[in-house]
Amino acid sequence: MNSPVNSRLLLVTGASGYVGGRLVRSLVDSGARVRVFVRDAGKIQSQPWFEKVEVVTGSAQNVADLERALTGVHTAFYLLHSINLGRDFDEIESRMAFNFSTVAAEKKVSQIVYLGGIANDANISKHLNSRVQTGANLAKAGVPVLELRAGIVIGSGSASFEMLRHLTHRLPIMTTPKWVTNLTQPIAIRDVLWYLRKAAELETPVGAIYDIGGPEVLTYADMMQSFAKISGLRKRWIIKVPVLTPKLSSLWIGFVTPVPTSLARPLVESLISEVVASPSRSIEKLIPPPPEGLISVSQAIELALSKIVEHDVQTRWSDAAVTYAPWQKTQSDPSWAGDTEYKDHRHQETTLPAAHVWKYIEGIGGEHGWYGSDWLWWLRGLMDRMVGGVGLRRGRRDPDFLHVGESLDFWRVEKIEKEKVLRLYAEMILPGKAWLEFRLSTEGDVTTITQEAIFTPNGLGGRLYWFAVLPLHAFLFPTMLRNLLKKAESELQ
Numbered sequence: 001m002n003s004p005v006n007s008r009l010l011l012v013t014g015a016s017g018y019v020g021g022r023l024v025r026s027l028v029d030s031g032a033r034v035r036v037f038v039r040d041a042g043k044i045q046s047q048p049w050f051e052k053v054e055v056v057t058g059s060a061q062n063v064a065d066l067e068r069a070l071t072g073v074h075t076a077f078y079l080l081h082s083i084n085l086g087r088d089f090d091e092i093e094s095r096m097a098f099n100f101s102t103v104a105a106e107k108k109v110s111q112i113v114y115l116g117g118i119a120n121d122a123n124i125s126k127h128l129n130s131r132v133q134t135g136a137n138l139a140k141a142g143v144p145v146l147e148l149r150a151g152i153v154i155g156s157g158s159a160s161f162e163m164l165r166h167l168t169h170r171l172p173i174m175t176t177p178k179w180v181t182n183l184t185q186p187i188a189i190r191d192v193l194w195y196l197r198k199a200a201e202l203e204t205p206v207g208a209i210y211d212i213g214g215p216e217v218l219t220y221a222d223m224m225q226s227f228a229k230i231s232g233l234r235k236r237w238i239i240k241v242p243v244l245t246p247k248l249s250s251l252w253i254g255f256v257t258p259v260p261t262s263l264a265r266p267l268v269e270s271l272i273s274e275v276v277a278s279p280s281r282s283i284e285k286l287i288p289p290p291p292e293g294l295i296s297v298s299q300a301i302e303l304a305l306s307k308i309v310e311h312d313v314q315t316r317w318s319d320a321a322v323t324y325a326p327w328q329k330t331q332s333d334p335s336w337a338g339d340t341e342y343k344d345h346r347h348q349e350t351t352l353p354a355a356h357v358w359k360y361i362e363g364i365g366g367e368h369g370w371y372g373s374d375w376l377w378w379l380r381g382l383m384d385r386m387v388g389g390v391g392l393r394r395g396r397r398d399p400d401f402l403h404v405g406e407s408l409d410f411w412r413v414e415k416i417e418k419e420k421v422l423r424l425y426a427e428m429i430l431p432g433k434a435w436l437e438f439r440l441s442t443e444g445d446v447t448t449i450t451q452e453a454i455f456t457p458n459g460l461g462g463r464l465y466w467f468a469v470l471p472l473h474a475f476l477f478p479t480m481l482r483n484l485l486k487k488a489e490s491e492l493q
């Protein structure tokens, strides 16, 4: 029997993102009625909860889209941010929040729940200040806003955790900025979801700000040493230097870890100030902690690592959209758009069953590599990171299985039809748009695998780029197809 709470319609914005995707699953599992608001429904169609929610597509900057999303909603979770949209991200966030609050008031939404960042230190970054202003703008139209402010979120796939994991794993000796000794109060993603889910169950709307943090206050250096110990690594040597500015730190993090510089910078800037929950804003005044208690940093790290080992990472930071170059902002099928289109077309026949070949197509990239010439892929990824792109280090969520919308090295999965089609869209920085597509067809006992690299150039620069890389393509793509089939053949014997 449904409780009165479960009769409420809950809206989750940012459902394709790290927290949003997990929150939807948690709410659905608890029996709640959920509507999600996303730009692209294709990015969430492979989620296990997709068929159990109502989906509204649109932009938070479009009032008509917001009206469709907020109609009939009791509680709206605001999990949107724009830190990857350029230098004026704070202005964009302010407009989005104000529009959201205005429409929410018109549609008589009872409660807005907003996940922001702890900002109790007088010295806060532009990013954290924007988070604070977002909360203020959400409250301007009169709808009660419950603002939950968190610090570092530890969980498998979170940007903060990936930054911590790769810095600690790859650098036994580190020269670090002095912010590594600033105090912080991390919280496990499990506990963040607990507070968000319980916020939807409040009997009456609440308009207030509360800090949510884990049970420990420690430094970033302490977290790195804890991670090293849990991972079986030797104690890390941390040498503090005063010359590493946030910009230099984020460039270094973008080079060493999977987190791109554009995302690393706001994360680093947030660490410059002390991020500790205020006792006067304790969430326990409103929502008690989980029955089993909040988990420690060490427990959160162990849980995150176990999820990675078990390939049970529900969402990743890279599931959300990344920053594209200006000419890449509109993604579309080139043949539909009528653009100039260049192709590298390869095909090969085999007597292997299509289902067996598909296993190796779906397993491409990440730890499996790109079936030969991996040094060329590595070099291309390095070049991409040097100009601010995502590079190859994002890897894969799962080594064997993909779903639409997830990231794969410097690609994003655009289409999957099991044992038929895999289409990847390039998120590297390019003077145009690029796809890599694999198709399988069967006739009798013969399976044909077709591999196409497709490029739609932007202006003269894009055309020159295509012809400049043609010699590499002539080596790279036939090698990849040939080795893919060799791998499939060898493991069937």
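Going by UniProt numbering, the sequence shown opens with residue 1, and the numbers climb by one from there. Glycine included, each C-beta is placed from N, C-alpha and C at the ideal position. Please read these numbers as outputs of a predicted model, since none were measured by experiment.
Annotated as distal: HIS347 and GLN185, with beta-carbon spacing of 8 Å or more.
In this structure, VAL38 places its C-beta atom within 8 Å of the C-beta atom of ALA15. Between the alpha carbons of ARG234 and SER490 lies a distance of about 39 Å. The segment 169-189 makes no contact with the segment 126-146: fewer than 3 CB pairs, one atom from each, lie closer than 8 Å.
Counting along the chain, ARG236 sits inside no alpha helix (DSSP H), nor does DSSP assign it H or E at all. Look at the beta carbons and you see the segment 207-227 not touching the segment 93-102: under three pairs across the two are nearer than 8 Å. DSSP, reduced to helix, strand and coil, places THR102 within a helical segment of the structure shown. With contacts defined as CB atoms closer than 8 Å, PHE475 and TRP466 fail to qualify as a contacting pair.
Take the alpha-carbon of TRP411 and the one of PRO205: they are about 42 Å apart.
The C-beta separation of VAL276 from LEU183 comes to about 5 Å, placing the pair in contact by the 8 Å criterion. CA-to-CA, the gap between GLU67 and VAL103 works out to about 6 Å. Here PHE401 is not near GLU443, since their CB atoms are 8 Å or more apart. Non-local C-beta neighbours of VAL28 in its own chain, meaning closer than 7 Å and more than five positions away in sequence, comprise VAL34, TRP49, LYS52 and VAL53, ordered along the chain. Under the three-state reduction of DSSP output, ILE429 falls in the coil class, being neither helix nor strand. The three-state reading of DSSP puts ILE173 in strand, counting E and B together. Cβ-Cβ separation between SER273 and SER441: approximately 57 Å, too far for a contact (criterion under 8 Å). Pairwise C-beta distances place the segment 127-136 out of contact with the segment 154-171, as fewer than three of them are shorter than 8 Å.
DSSP, reduced to helix, strand and coil, places ILE230 within a helical segment of the structure shown. Residue environment analysis places ILE187 among the buried positions, since at least 16 neighbouring C-beta atoms fall within 10 angstroms of its C-beta.
In the three-state scheme derived from DSSP, where H, G and I count as helix and E and B as strand, TRP377 is classed as helix.
When only Cα atoms are considered, LYS229 and THR168 end up about 10 Å apart. Taking all protein chains shown into account, LYS433 has 16 or more neighbouring C-beta atoms within 10 Å of its C-beta and is therefore buried. Judged by beta-carbon spacing, LEU11 lies within the 8 Å limit of ALA69, meaning their Cβ atoms are closer than that value. For THR315, no beta strand (DSSP E) segment is defined, and its DSSP state is neither H nor E. Annotated three-state conformation of THR350 is strand, per DSSP. Going by DSSP, TRP411 is part of the beta strand (DSSP E) stretching over 411-417. Excluding sequence positions up to five before and after GLU414, its CB lies within less than 6 Å of the CB of ARG423 and TYR425, all in the same chain and listed in chain order. When beta bridges are read from the DSSP output, LEU392 appears opposite no residue.
For GLU54, the enclosing beta strand (DSSP E) starts and ends at 54-57. Counting only runs of 3+ residues, the beta strand (DSSP E) found wholly inside the segment 441-487 occupies 446-457, in chain order.
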